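A.B. asks: Once you've had a glance at the structure underneath, I'll fire off some questions.
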Amino acid sequence: MSQPSSATAPVRRGSAPAPVATAPARVAPVDLGATPAEVASPAGSTPARLRRLRLIVVASGVVLAILGTAAMALLTLTLRQAGNDVEQLVRVQTIETDLLVADANATNTFLVGGLESPQRRAAYDAALAEVAALVPQAARAQPADAAALAALNAHVLDYTGLVEAARANNRQGLPVGAQYLRQASNGLRADALPVADTLVRADTERATSALSTGWGWVLPLLGLGATAVFVVVQVRVARQFKRRVNAGLLVGSLVLVGLSLASLVALVALAVSVSAARSDFDDVNDAGTARVQANLAKSSESLTLIARGSGQPYEDSWRASGAQVTDRLSGIRDASVFTGEWDTYAAVHAKIRSLDDGGSWDDAVGLAVGSGQGSSNAAFAPFDQAVASFVSGTGAGAVASLRGHQAGLVLGCLLTFLAGLGAAWSGSRGIAARLREYR
Amino acid sequence: MSARRGAPRGLLATAVLTLCTLLPACAVFGTDQTTVPAPAASPTPTAAAQAAPARCADATTSYAPSDLTSSADLPPGSTMAKIKKRGRLLAGVSADSYLLGARDPLSGKIQGFDIDFVRAMAKAILGDENRYQLVVITAAQRIPALQSGQVDLVARAMTMSCDRWKQIAFSSEYYRAGQKIMVRQGSRARTLADLAGQRVCAPLGTSSMDNLVRLQPRAVAVGSDSHTGCLVLFQQGKVDAITGDDTVLAGLAAQDPYAVVPKQEPFTAEPYGLGVNAKNVDLVRFVNARLAQMRADGEWTTIYDRWFVGPLGPAPAPPRAVYGRSA
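So the sequences go chain by chain: A and B.
Convert by adding 5 to the 1-based position in the first sequence; the result is the number in the working numbering.
Convert by adding 1 to the 1-based position in the second sequence; the result is the number in the working numbering.
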């Protein structure tokens, strides 16, 4: 749509004659001798410029509609993924904890002898049943974890097979049962736990990178950019016409300013909420890891006693786990309850160690396998339960808060799209009104 | 006219640029696979050729026995007096060598032929056969445990050898075992020579493993941390045979009806001695005095009958003590 001069373009539909009609109104007092460039062909250039401005206005509105909506959609999907990732992290941490709970119960039972306590057996079965349910669930929820979960599953099968062999031999009073149990525990630590650790690490990274409002901030930027375009066009149009204000462009600008401000306010609110969810997630991660380490320590306690005098490596492992528990708990808000309960258990453990080191192996075992007042199991249970319910509660809270924004975000996508198109339409109408004056 | 086109082109360029910056966001949906860590490599058996054991004529020669004083009258400053002061005898034993030293899953107590000798020594030193503390060790930990002072005594089917005499001291011989092979029911192997090309298990750091590598280099030697560990591998089909002392094999065969010890001549002589720190010669002399008493008064035979009369047949005469080593 480029014409060298509009006067020689009668072929153009509709608007071609318009410049002729309006020309006198605009440039009446012009002296024939000194014609400024823009006035030399006044009739042709103004509508063309108006059309170009209209194109710019429409384009910026449409671009805002498309890119803004895309950014909002990305933000929506990112936050939905963040919710899923947090859920998945809780899931894989639960799997790892359950494996250690099962092992702690199996080793504890072995300390008693062939006749295992029904409670310990039930706890072992419950932990493995939960693993069996969670592994396929986790593989469905995050297909990227599927291969690692399949490998983990194979190790779990090995583990349970060995524990059953240990149990059958123990039941007959054969010492080879102890060897099967040792192989099961060592295999769990050497093969299964590294896979579980990898899963936890991968899902922590995914959740960390997804817990962000980054893409949302594109929207107010785009909105302000489009507003600026509208204002510039408005100024240009006002310069050419007597009327200062073009209603259509003004409405469009107001819509854009409204969109920018509203999205800015909403994003700030969202960022606050996401950062709260992120801090919840950090707590869940810390508490979940603390629970994994605590159960590892509990199983090490039994293995130290089983090794009977040559269990120093297991006691070293208990110390390392204990240090991690304390370290991770210190990262949690209001961790005093947990640290108090952990210290209670650690005190019982210290007593077991001093009994065993002092030669009273039987008393140490009594303290370790009993479930009465002051026993290791009785001291450990409240800590484990408190952390478990904190992890599942806080994790579910974070996920719910992330999911709670979904409806608002979808509405935001829709409004962004409508606002962009609406601004384009309104601006276009505003300029069209001026163009009509040339008809 | 190109100037007029400038604005739409600029717009288009901006749009394309913006799209390009938005695209990486799609990485959110193309999640990286979680890497599966490679399973930990199982320790390769150290079937590496080991030097043939030093040959000598006096592997069973120990220190002459001292007077067997009562526990109330131990020489002051002696190792026995220190043990008495501590209140318990620390002994390194096995908890999974059935019949020799194994934990009974029903009672939770470690018991066996070796443990009965620990009890006899506890009675001699402390006046009470229950004042002992067992430290469960693997075969490979026997010498380090004595050298570090972690235990006073090792009673864990330990063969007296010239190599070991350089590091620790032994009591007089308290049992004469011999190395044999154990195979699966239906196997035609009868001797070590028949096991060429087969996978044979023995615990690492034992004379059984040394003998296997030395006498049948064509067998595939597979190591484990204990003989019971070998039995697990045997039951899992990972090895074809186990070699070890007849006492140990008797304990393994008793746990698996499909494992048989074919009728065979032992291909080595394995004199068992109680291990003691090389510095504690007074303790060795004291232990020898007690062992001499047990041989003479029939206690040795009683202990043998308690554990081995079934699987190994009636008690032979106790091994003869050889003295004459000088400190």
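Heads up, the beta-carbon is just placed ideally off N, CA and C, and yes, glycines get one too.
Quantities reported herein were computed from a predicted structural model and do not represent experimental measurements.
Comparing the C-beta of residue 106/B with each C-beta of chain A, is any distance below 8 Å?
C.D. replies: Yes, its Cβ sits closer than 8 Å to a Cβ of chain A.
A.B. asks: Please report the distance separating the alpha-carbon of residue 254/A from that of residue 77/A.
C.D. replies: 25 Å
A.B. asks: Scan the segment 220 to 236 of chain B for residues whose Cβ lies nearer than 8 Å to a Cβ of chain A and list them as they occur along the chain.
C.D. replies: Taking 8 Å as the Cβ-Cβ cut-off against chain A, the residues of the segment 220 to 236 of chain B that qualify are 227, 229, 230, 232, 233 and 236.
A.B. asks: Looking at the strands, I want to know which residues DSSP matches up with residue 213/A.
C.D. replies: Residue 213/A pairs with nothing; no bridge assigned.
A.B. asks: Should residue 125/B and residue 324/B be called a contact, given that it needs their Cβ atoms to be closer than 8 Å?
C.D. replies: no
A.B. asks: Note down, in chain order, each residue of its chain lying with its Cβ closer than 7 Å to the Cβ of residue 463/A, except the 5 sequence neighbours on either side.
C.D. replies: Residue coverage of chain A in this structure runs from 6 to 444, which leaves residue 463/A outside it and unanswerable.
A.B. asks: Cβ of residue 283/B less than 8 Å from any chain A Cβ?
C.D. replies: no
A.B. asks: Consider the Cβ of residue 103/B: report whether some Cβ of chain A lies at a distance smaller than 8 Å.
C.D. replies: yes
A.B. asks: Kindly indicate if chain A contains any beta-carbon less than 8 Å away from that of residue 125/B.
C.D. replies: no
A.B. asks: Using a Cβ-Cβ cut-off of less than 9 Å, give me the residues of the segment 74 to 93 of chain B that come near chain A, in sequence order.
C.D. replies: For chain A, the residues of the segment 74 to 93 of chain B that bring a beta carbon within less than 9 Å of one of its beta carbons are 87, 88, 89, 91 and 93, in chain order.
A.B. asks: So does the segment 209 to 219 of chain B actually touch the segment 181 to 198 of chain B, counting three or more Cβ pairs closer than 8 Å?
C.D. replies: yes
A.B. asks: In the structure shown, what three-state DSSP assignment does residue 98/B receive?
C.D. replies: Residue state, collapsed to three classes: strand.
A.B. asks: Could you give the distance in angstroms between the alpha-carbon of residue 258/A and the alpha-carbon of residue 34/B?
C.D. replies: 46 Å
A.B. asks: Can you grab the Cα-Cα spacing for the pair residue 26/A / residue 58/A, in whole Å?
C.D. replies: Unreliable placement is indicated for residue 26/A, whose pLDDT of 41 sits below 50; the coordinate value is still reported in the next sentence. If I take the Cα positions, the gap works out to 21 Å.
A.B. asks: With a CB to CB cut of under 6 Å and the five nearest residues on each side skipped, what residues in its chain are close to residue 121/A?
C.D. replies: 114
A.B. asks: Tell me whether residue 141/A sits in a helix, a strand or coil according to DSSP, three-state version.
C.D. replies: Note: residue 141/A maps to helix in three-state DSSP.
A.B. asks: What are the residues of the segment 146 to 158 of chain B that lie near chain A, defined by any Cβ-Cβ distance shorter than 7 Å?
C.D. replies: none
A.B. asks: Under 8 Å between the Cβ atoms of residue 87/A and residue 276/A?
C.D. replies: Not closer than 8 Å, so no.
A.B. asks: With respect to the alpha helix (DSSP H) encompassing residue 243/B, which residues constitute its N-terminal and C-terminal limits?
C.D. replies: That residue, residue 243/B, is in no alpha helix (DSSP H); its beta strand (DSSP E) goes 242 to 246.
A.B. asks: Between residue 38/B and chain A, is the shortest Cβ-Cβ distance under 8 Å, so that the two count as touching?
C.D. replies: yes
A.B. asks: Could you tell me the distance, in whole angstroms, from the CA atom of residue 60/B to the CA atom of residue 232/B?
C.D. replies: 30 Å
A.B. asks: Buried or exposed: where does residue 33/A fall if 16 or more other Cβ atoms within 10 Å of its Cβ makes it buried?
C.D. replies: Bear in mind that a pLDDT of 45 at residue 33/A, under 50, signals an unreliable position, so the number given afterwards is only what the model happens to contain. Classification of residue 33/A: exposed, given that the 10 Å Cβ count is below 16.
A.B. asks: What's the gap between the Cα of residue 90/A and the Cα of residue 71/A?
C.D. replies: 28 Å
A.B. asks: Got a sec, what are the start and stop residues for the beta strand (DSSP E) residue 287/B sits in?
C.D. replies: Here residue 287/B belongs to no beta strand (DSSP E); instead the alpha helix (DSSP H) covers 282 to 298.
A.B. asks: Counting only Cβ pairs nearer than 9 Å, list the residues of chain B close to residue 203/A.
C.D. replies: 35, 36, 37 and 38
A.B. asks: Can you tell me which residues form a DSSP beta bridge with residue 185/B?
C.D. replies: 260/B
A.B. asks: Measure the CB-CB distance between residue 316/B and residue 306/B and report whether it falls below 8 Å.
C.D. replies: yes
A.B. asks: Rounded to whole angstroms, what is the Cα-Cα separation between residue 230/A and residue 244/A?
C.D. replies: Near 21 Å, if we compare the C-alpha coordinates of residue 244/A and residue 230/A.
A.B. asks: If contact is defined by three or more beta carbon pairs under 8 Å, each pair taking one atom from either stretch, is the segment 96 to 107 of chain A in contact with the segment 287 to 296 of chain A?
C.D. replies: The segment 287 to 296 of chain A makes contact with the segment 96 to 107 of chain A; the number of CB pairs closer than 8 Å reaches 3 or more.
A.B. asks: Mapping the DSSP letters down to three states, classify residue 254/B as helix, strand or coil.
C.D. replies: helix
A.B. asks: What do you reckon, are the CB atoms on residue 222/B and residue 234/B nearer than 8 Å?
C.D. replies: Taking 8 Å as the Cβ cut-off, residue 222/B and residue 234/B do not qualify as a contacting pair.
A.B. asks: Let me see if you follow: with CB-CB separation under 8 Å, is residue 99/B close to chain A or not?
C.D. replies: yes
A.B. asks: Check distances from the C-beta atoms of the segment 255 to 278 of chain B to those of chain A and list, in chain order, the residues that come in under 9 Å.
C.D. replies: 255, 256 and 257
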